[in-house]
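Below you'll find the structure, written out as structure tokens, and then a few comments.
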Ligand SMILES: Nc1ncnc2c1ncn2[C@@H]1O[C@H](COP(=O)(O)OP(=O)(O)O)[C@@H](O)[C@H]1O
Ligand SMILES: [Mg+2]
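Residue numbers (UniProt numbering), protein chains in the order written: chain C, 1 to 342; chain W, 1 to 344.
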């Protein structure tokens, strides 16, 4: 006897339900009751919510909730092959790039990589003190044998952040030019930003095999692309109307306006977006070690899995150091752009 | 009279979601306030007819919100009219396609903005050279030109500075140099000096007049300041609520205001400094003995200073050495008092 029998009895639907009613007791309470040989007395106090499962007890025709999740899964699996057929070739270059970058980072000797990184730092930030700080950090990490892990993490971030910028800036520009497109894209960005990071991984694992690097590449890009898109859109929309009008009055073409006025004036915002994109790539690359992304995240994961406290903590510290380096260098570049405009 | 450089014919501009429909009500006689209350449309300009002569400074004056910026933006079609015609050198600008329009903006018209509107990421020199850069000209050609104009507006040595390093007055000098470097015969100036301090403003007005003697451009100057308008204008157009209330030679408007609004408007200015001998002199009368000579282009203030405050007698008016008329001091004194409009 289930709680909602009265509903189906009173509406005369019992005949429709009865055809396949499961005779097996489903709930723990039913089992206990069956064992004791008594009916469960249902008081108003623990009268169940009319959920799918509760209704199913009274009427077998009503599906259970696990049928719903099963249905979703089946649907996804049915789509998977066709989805894969489209997505696989498109995303394949991502695997090549990630594998290529990781390979390059592995085969290039440290005495080339470290000076190269310092040179890039110096070029972007134009600051000696920052360059020295970065040098000290990397040398420190290398000294405690975390060099290869750190370089792997950096390689993945470089590749993913570069792709985020290459895709995100044009998307942001397109959004800034069409209110309709903006209205369509903003909910997607909101969703990408609010979904817990682990949730991305679930459909991706089904779509691609865990051994492919693009799996974590896509997860990182989806998560990290949001700020650069948002801030490009915002930056271009905030460009001084007077200056745009001047550009118009002097006969600029739309293309000239975009490249000579809108993008340069939006650059501080775009750079702020790139800074956030890089920081979010770093956050995600750690989580992505769950799906075989190499780097410092692997060590953190080892720390958690096999309770190696020291390994986990040191790797965590390494991540903090990388985060500070990346943040400082991009902020220095941002400050330079800002200084030349205000 | 020669063909005007720019002609505005029966121009109307309505802002709102359906301007064409609103135009019907405007033609039926609905005014600005009524229209706004009726269906939320703003009547920006109403039946404007203005001719701008080549080589003259036309000042469009009116209070804030009277439609000055809207009007000047019709000249280079930053704003399209709801109805009416814009003719530049006799050509209908409204018939232009994108390409012709850009061509006109690049070669025929330049513009100076109230808030300077310089590109913050480019140097002063690059900003000055905006027009030739947009036209795709060669650096070796336009750089000397841009440098020349920078020097002409008094900014030699600032070529490599950035706009944020300059004061307001200097920024607007760049704005003017930028407009001049475009070499366009028409220059639109929307409240170009309104954001500047009074002293710097006077300097800039003098600079503009000085350049104009040399360049003879057709200038449209927007201002909300009567003193500035009177100082610069060859032709003065007074706007109120999107309508022209009076236009003409500034001295003429001053002496013959056609509207109470204008009477109020001009009641506070220093007439002695604005009015000139030519506007109030009379034809030569041989019989009268002259107590002295004055110049036709003198302001009344200069005459008063010259005659030492004498309020009687008649002076001979000369221009370029020739006698052209005479002026009774009593007429001068009377003209200093604003007249009530005839019919009141
Ligand atoms: N884009 C617009 N949409 C609606 N109303 C406008 C727009 N531009 C100007 N107006 C209105 O037109 C009138 C004239 O504005 P404007 O030409 O800027 O005046 P001014 O330059 O003389 O201060 C004002 O009432 C203003 O509110
Ligand atoms: Mg204005």
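Ideal Cβ positions, reconstructed from N, Cα and C, are used throughout, including at glycine.
Quick caveat: nothing in here was measured; it's all calculated off a predicted structure.
With a threshold of 9 Å between beta carbons, is residue 344/W in contact with chain C?
For residue 344/W, the pLDDT reaches just 47, beneath the cut-off of 50, and the residue's location in the model is therefore unreliable, leaving the point undetermined.
CB contact below 9 Å: residue 76/W versus chain A:
Checking the listed chains, one finds no chain A in this structure; the protein chains it contains are C and W.
Rounded straight-line distance, which links the Cα of residue 283/C to that of residue 140/C:
Distance between the alpha carbons of residue 140/C and residue 283/C is about 21 Å.
Let's test the definition: count the other Cβ atoms within 10 Å of the Cβ of residue 343/W and tell me whether it reaches 16, buried, or not, exposed.
In this predicted model, residue 343/W has a pLDDT of only 48, less than 50, meaning its place in the structure is not dependable; the value taken from the coordinates is given anyway. When all chains shown are included, residue 343/W counts as exposed.
Assess contact between the segment 305-322 of chain W and the segment 254-272 of chain W, defined as three or more Cβ pairs (one per stretch) separated by less than 8 Å. Is contact present?
The segment 305-322 of chain W vs the segment 254-272 of chain W: no contact.
DSSP three-state assignment for residue 163/C, whether helix, strand or coil
If DSSP states are grouped into helix, strand and coil, residue 163/C belongs with the helices.
Report whether the distance from the Cβ of residue 57/W to the nearest heavy atom of ligand 4 is below 8 Å.
Ligands displayed in this structure: ligand 1 and ligand 2; ligand 4 is not among them.
Using DSSP bridges, identify the partner residues of residue 323/W.
For residue 323/W, DSSP records a beta bridge to 318/W.
Could one say the Cβ of residue 253/C lies closer than 9 Å to chain W's Cβ atoms, at least one of them?
At least one chain W Cβ lies under 9 Å of residue 253/C.
Can you pull the chain C residues whose beta carbon is under 9 Å from the beta carbon of residue 111/W, in chain order?
The contacting residues are 245, 246, 249, 250.
Best match in 206/W, 82/W, 240/W for proximity to residue 33/W [C-alpha to C-alpha]
Among 206/W, 82/W, 240/W, the Cα nearest to that of residue 33/W belongs to 240/W.
9 Å is my cut-off, CB to CB: does residue 96/W come that close to chain C?
Not one chain C Cβ lies under 9 Å of residue 96/W.
Rounded to whole angstroms, what is the Cα-Cα separation between residue 307/W and residue 203/W?
A direct Cα-Cα distance of roughly 29 Å separates residue 307/W from residue 203/W.
Exercise answer, beta-carbon shell around ligand 1 heavy atoms below 6 Å
Here the residues come out as 15/W, 42/W, 44/W, 62/W, 64/W, 65/W, 66/W, 67/W, 68/W, 69/W, 70/W.
Mapping DSSP to helix, strand and coil, what is residue 9/W?
In this structure, residue 9/W counts as strand in the three-state DSSP scheme.
Just to confirm, does residue 3/W get its C-beta within under 8 Å of one of the non-hydrogen atoms of ligand 2?
Answer for residue 3/W: no, Cβ out of range of ligand 2.
CB of residue 270/C within 9 Å of CB of residue 228/C, strictly
Residue 270/C places its beta carbon less than 9 Å from that of residue 228/C.
Between the Cα of residue 322/W and those of 293/W, 191/W, 50/W, 311/W, spot the shortest distance and give me the residue it belongs to.
Considering only alpha carbons, the answer is 293/W.
Span of the alpha helix (DSSP H), counted from its first residue to its last, around residue 345/W
Past the edges of chain W, shown from 1 to 344, lies residue 345/W, and the structure says nothing about it.
Using 9 Å as the limit for Cβ to Cβ distance, is residue 153/W near chain C?
The beta carbon of residue 153/W does not come within 9 Å of any beta carbon belonging to chain C, so the residue lies off that interface.
Exposure label - residue 5/W; buried when at least 16 CB within 10 Å
Answer is buried; the Cβ neighbour count reaches 16.
Taking its Cβ as the centre, do 16 or more other Cβ atoms sit within 10 Å of residue 190/W, making it buried, or is it exposed?
Residue environment analysis places residue 190/W among the buried positions, since at least 16 neighbouring C-beta atoms fall within 10 angstroms of its C-beta.
Please state whether the Cβ-Cβ distance between residue 2/C and residue 51/C is less than 9 Å.
The answer is no: Cβ separation not under 9 Å.
Using a beta-carbon distance cut-off of less than 9 Å, what residues from the segment 133-150 of chain W approach chain C?
Of all residues in the segment 133-150 of chain W, 133, 134, 135 have a Cβ within less than 9 Å of some Cβ in chain C.
Quick one: which chain C residues come within Cβ less than 7 Å of residue 162/W?
Those within 7 Å of residue 162/W in chain C are 340.
Are the beta-carbon atoms of residue 233/C and residue 281/C separated by less than 9 Å?
No, the Cβ-Cβ distance between residue 233/C and residue 281/C is not below 9 Å.
Would you check if the distance between the CB atom of residue 118/W and the CB atom of residue 181/W is smaller than 9 Å?
Result no, Cβ atoms of residue 118/W and residue 181/W do not sit closer than 9 Å.
Are three or more beta carbon pairs between the segment 316-324 of chain C and the segment 133-148 of chain C nearer than 8 Å?
Flag = yes, the segment 316-324 of chain C and the segment 133-148 of chain C touch.
Taking the alpha-carbon positions, what's the residue 87/W to residue 77/W distance?
Spanning the two alpha carbons is a distance of roughly 11 Å.
Against chain C, with Cβ distances strictly below 9 Å, would residue 235/W count as a contact?
Closer than 9 Å: no.
Per-residue DSSP class, three states only, for residue 27/W:
It is helical.
Can you find the residues in the same chain that come closer than 6 Å, C-beta to C-beta, to residue 289/C, ignoring five residues on each side of it along the sequence?
Listed in chain order, the non-local C-beta contacts of residue 289/C below 6 Å within the same chain comprise 297, 298, 301, local neighbours out to five positions each way being set aside.
Exposure label - residue 121/C; buried when at least 16 CB within 10 Å:
Using a 10 angstroms sphere on the CB of residue 121/C, the tally of other CB atoms reaches 16 or more, which defines it as buried.
Neighbouring residues, chain W, relative to residue 264/C (Cβ below 9 Å)
Result: 119, 120, 121, 122.
How should residue 194/C be labelled, buried or exposed, when 16 other C-beta atoms within 10 angstroms of its C-beta is the threshold for buried?
Classification for residue 194/C: exposed.
At a CB distance below 9 Å, what residues from the segment 150-183 of chain C approach chain W? Give them in sequence order.
Correct list: empty, as no residue qualifies.
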